[in-house]
Amino acid sequence: MGALVVSGYSFGHTLERFTRLNPVVGMTLVGVTWRYFSSTNFLKNPIADSIDFHLRRIYPVIILTKGPLTWNWQYIKNNSIKVFSLATLPWIVECLSTAVLTHLLLGFPWHWGIHLGSILSSVSPAVIVPTTVALSSKGLGLKNQIALLVANAGGLDTAFTEGMFGIINSAIFYPSEPVYRIVKAILAIFVGIGLGSVWAIFVDYIPDHKDFYAPTVRSLLIFAGGLFITYVSGYLGWGGSSGVAIMICAGSAATRWARRDWPLNNNPVSEVYKLLWTIFEPMLFSLSGYFLEVSQITVQEFGLIVACIFSALFIRMITALLVALVNNLTFKESLFIAITWMPKAIVEAVLVRVAVDSLPSDSATAHDKWIATHHSKIIVIAIIFTSTLGSVLTTALGPILLSRDTKVAPMGEFLVYLTVSSYICIGINGLHLFWNKAFRSSSINIYIKFFIF
Numbered sequence: 134m135g136a137l138v139v140s141g142y143s144f145g146h147t148l149e150r151f152t153r154l155n156p157v158v159g160m161t162l163v164g165v166t167w168r169y170f171s172s173t174n175f176l177k178n179p180i181a182d183s184i185d186f187h188l189r190r191i192y193p194v195i196i197l198t199k200g201p202l203t204w205n206w207q208y209i210k211n212n213s214i215k216v217f218s219l220a221t222l223p224w225i226v227e228c229l230s231t232a233v234l235t236h237l238l239l240g241f242p243w244h245w246g247i248h249l250g251s252i253l254s255s256v257s258p259a260v261i262v263p264t265t266v267a268l269s270s271k272g273l274g275l276k277n278q279i280a281l282l283v284a285n286a287g288g289l290d291t292a293f294t295e296g297m298f299g300i301i302n303s304a305i306f307y308p309s310e311p312v313y314r315i316v317k318a319i320l321a322i323f324v325g326i327g328l329g330s331v332w333a334i335f336v337d338y339i340p341d342h343k344d345f346y347a348p349t350v351r352s353l354l355i356f357a358g359g360l361f362i363t364y365v366s367g368y369l370g371w372g373g374s375s376g377v378a379i380m381i382c383a384g385s386a387a388t389r390w391a392r393r394d395w396p397l398n399n400n401p402v403s404e405v406y407k408l409l410w411t412i413f414e415p416m417l418f419s420l421s422g423y424f425l426e427v428s429q430i431t432v433q434e435f436g437l438i439v440a441c442i443f444s445a446l447f448i449r450m451i452t453a454l455l456v457a458l459v460n461n462l463t464f465k466e467s468l469f470i471a472i473t474w475m476p477k478a479i480v481e482a483v484l485v486r487v488a489v490d491s492l493p494s495d496s497a498t499a500h501d502k503w504i505a506t507h508h509s510k511i512i513v514i515a516i517i518f519t520s521t522l523g524s525v526l527t528t529a530l531g532p533i534l535l536s537r538d539t540k541v542a543p544m545g546e547f548l549v550y551l552t553v554s555s556y557i558c559i560g561i562n563g564l565h566l567f568w569n570k571a572f573r574s575s576s577i578n579i580y581i582k583f584f585i586f
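The numbering of the sequence shown is the working numbering, which starts it at 134 and goes up by one.
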């Protein structure tokens with residue numbers, strides 16, 4: 134495992150240096166390659182499997198603390214409708230689209246489709262924010278503060294994912310009375326808010342703000358509290374509460390510290406978590422890539438999986454484009470927002486094995502086990518394809534779509550429309566596969582083929 138993580142770190146950052154691709158792409162590819170050429174699966178070793186299992190309880194604590202510590206709460210307050218609509222509406226549309234597509238193309242039961250959709254619908258700020266910040270530093274997209282919008286809406290998208298996934302996962306895998314499930318789903322968010330707020334007050338007063346070791350102690354207290362509630366809520370079947378509690382704690386604590394000379398977006402605790410993420414990032418993605426066993430996927434299955442991913446993603450991007458337009462962004466800015474809403478990485482990698490782990494060992498059917506295994510494979514494929522494409526398009530089209538001028542050079546305009554047209558073709562072809570699978574009537578198929586081609 135150690136060799137895999139080191140290799141993933143080295144290759145990921147080398148790939149970034151020479152291609153400008155985000156390191157997560159290279160790290161994930163190393164995991165996939167390692168699994169393909171390895172003669173044995175080291176995760177069959179109980180110790181290695183246990184290490185990976187518990188690491189996936191640590192990753193969310195770091196990720197969900199790191200984000201809110203750097204959110205711009207004043208911006209979120211002043212642009213609440215814009216931020217929250219971008220964080221939630223595309224997520225809901227993609228989640229439902231994924232459920233429908235996987236049900237019709239892959240034969241997933243509805244609850245499995247919604248479960249997968251609640252994971253795949255999360256955007257990855259870690260992939261897109263560095264690029265948008267770099268563009269902003271060049272004076273691009275400053276008029277409508279695109280970098281701030283992407284960073285904060287993307288962070289809230291992650292928060293929304295964590296809360297909704299926890300509720301959905303608990304409702305599916307923790308058997309209880311329907312009424313109790315509904316009540317628990319409603320209360321889970323509020324329980325998380327309450328726990329996070331209380332812990333934020335605690336880490337604000339302990340230790341003393343002027344204590345030399347305050348940044349270190351506060352970092353440890355937030356981490357310990359987050360890890361504790363993650364394990365306890367998971368054990369009790371209240372998974373949706375933990376993520377919300379961690380983010381509320383971090384965000385509230387950062388706001389309280391800002392009143393006492395710790396900058397809101399640049400406090401010492403956030404620096405500690407940036408360092409922790411540098412250490413744990415290669416572990417997360419290298420070990421997640423290891424869950425994709427290429428030799429066990431047929432060409433037909435691979436095609437259907439890609440069709441599901443990109444058809445749902447296409448619908449998500451259209452939704453993000455429309456939401457941005459409604460919020461008074463220009464067409465080119467809205468198109469840029471839609472492109473930045475493509476990459477999937479962090480949440481997906483953290484939850485890559487959750488379906489397998491959540492299956493009850495005594496009552497799971499062979500079909501459920503098959504779906505859970507494919508669950509992991511679909512997630513890894515989505516990470517590789519969407520992170521690569523999203524990273525490339527954001528970097529390439531950012532200077533064109535976020536130009537300081539109101540007019541774009543002819544060649545830039547041509548590249549924009551060429552890229553949009555290409556992606557529309559990909560979406561249409563995915564929908565074509567969807568219709569062919571869903572409706573077997575020859576007359577309908579002939580009509581659709583005539584209409585599309």
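C-beta: ideal position from N, C-alpha, C; glycine also. Quick caveat, the model's predicted, so the values are computed rather than measured.
Is it the case that the Cβ atoms of residue i and residue j are separated by a distance below 7 angstroms?
i, j, result
"Val158", "Ser140", "no"
"Ala220", "Ala286", "yes"
"Lys477", "Ser172", "no"
"Phe323", "Trp224", "no"
"Ile123", "Thr161", "Any question about residue 123 goes unanswered here, given that the chain covers just 134 to 586."
"Pro196", "Ile479", "A small fix is needed here, since residue 196 is Ile in this sequence, not Pro. Yes. Within cutoff."
"Ala482", "Ile470", "no"
"Arg153", "Thr528", "yes"
"Phe424", "Val487", "no"
"Lys215", "Asn460", "yes"
"Met475", "Thr519", "yes"
"Thr473", "Trp206", "no"
"Leu273", "Leu535", "yes"
"Ser374", "Gly325", "yes"
"Ala515", "Ile442", "yes"
"Val331", "Pro340", "no"
"Gly376", "Gly327", "no"
"Val588", "Tyr169", "What the structure shows of the chain is the stretch from 134 to 586, and residue 588 is not part of that stretch, so it cannot be assessed."
Does residue i come out as helix, strand or coil in the three-state DSSP assignment?
i, result
"Phe186", "helix"
"Tyr307", "coil"
"Tyr142", "helix"
"Ile339", "coil"
"Asp495", "coil"
"Gly274", "coil"
"Asn302", "helix"
"Ala542", "Any reading at Ala542 needs caution, since the residue's pLDDT is 42, under 50, leaving its predicted position unreliable; the model's value is listed next. In this structure, Ala542 counts as coil in the three-state DSSP scheme."
"Leu548", "Caution applies to Leu548, whose pLDDT of 49 falls short of 50 and renders its modelled position unreliable; the model cannot decide the point."
"Asn285", "helix"
"Tyr346", "coil"
"Pro476", "coil"
"Ser255", "coil"
"Ala371", "The question names Ala, but residue 371 in the sequence shown is Trp. Looking at Trp371 - three-state DSSP - the assignment turns out to be coil, as it is neither helix nor strand."
"Ser524", "helix"
"Leu534", "helix"
"Arg351", "helix"
"Leu154", "coil"
Going by other Cβ atoms of all chains shown within 10 Å of its Cβ, with 16 needed for buried, is residue i buried or exposed?
i, result
"Trp503", "exposed"
"His146", "exposed"
"Tyr406", "buried"
"Lys540", "Here the model assigns Lys540 a pLDDT of 44, short of 50, so the residue's position is not dependable, and the following value carries that caveat. Its Cβ having fewer than 16 others within 10 Å, Lys540 is exposed."
"Lys177", "exposed"
"Ala280", "buried"
"Phe144", "buried"
"Lys465", "buried"
"Pro201", "buried"
"Leu369", "exposed"
"Thr431", "exposed"
"His187", "exposed"
"Val233", "buried"
"Ala136", "exposed"
"Trp395", "buried"
"Glu546", "Only weak support exists for where Glu546 lies, its pLDDT of 45 falling under 50; the value from the coordinates is given anyway. It counts as exposed."
"Ile379", "buried"
Thinking residue i and residue j are a contact (beta carbons under 8 angstroms), I'd like their distance in whole angstroms, please.
i, j, result
"Gly288", "Trp204", "6 angstroms"
"Thr198", "Ala383", "4 angstroms"
"Asn302", "Gly372", "5 angstroms"
"Val226", "Leu360", "Not quite, the Cβ-Cβ distance comes to about 33 angstroms (not below 8 angstroms), so this is no contact."
"Pro401", "Val138", "That pair is no contact at about 27 angstroms."
"Thr291", "Ser255", "6 angstroms"
"Gly523", "Val316", "At roughly 38 angstroms, the Cβ-Cβ gap does not stay under 8 angstroms, so Gly523 and Val316 are not in contact."
"His248", "Ile209", "Wrong, their Cβ atoms sit about 29 angstroms apart, outside the cutoff."
Kindly examine the ligand NAD and report whether one of its heavy atoms sits closer than 6 angstroms to the Cβ of residue i.
i, result
"Val402", "With respect to the ligand NAD, the structure offers nothing, as it holds no ligand at all."
Any Cβ of chain D within less than 7 angstroms of the Cβ of residue i?
i, result
"Ser536", "Among the protein chains of the structure shown there is no chain D, as only one such chain exists."
Whole runs of the alpha helix (DSSP H) within the stretch 395 to 437, excluding any shorter than 4 residues: If one requires a minimum length of 4 residues, the alpha helix (DSSP H) runs lying completely within the stretch 395 to 437 are 401 to 422, in chain order.
Sequence ranges, alpha helix (DSSP H) only - wholly within the stretch 207 to 248, length at least 4: Annotation note: the stretch 207 to 248 contains the following uninterrupted alpha helix (DSSP H) runs of length 4 or greater, listed N- to C-terminal: 213 to 234.
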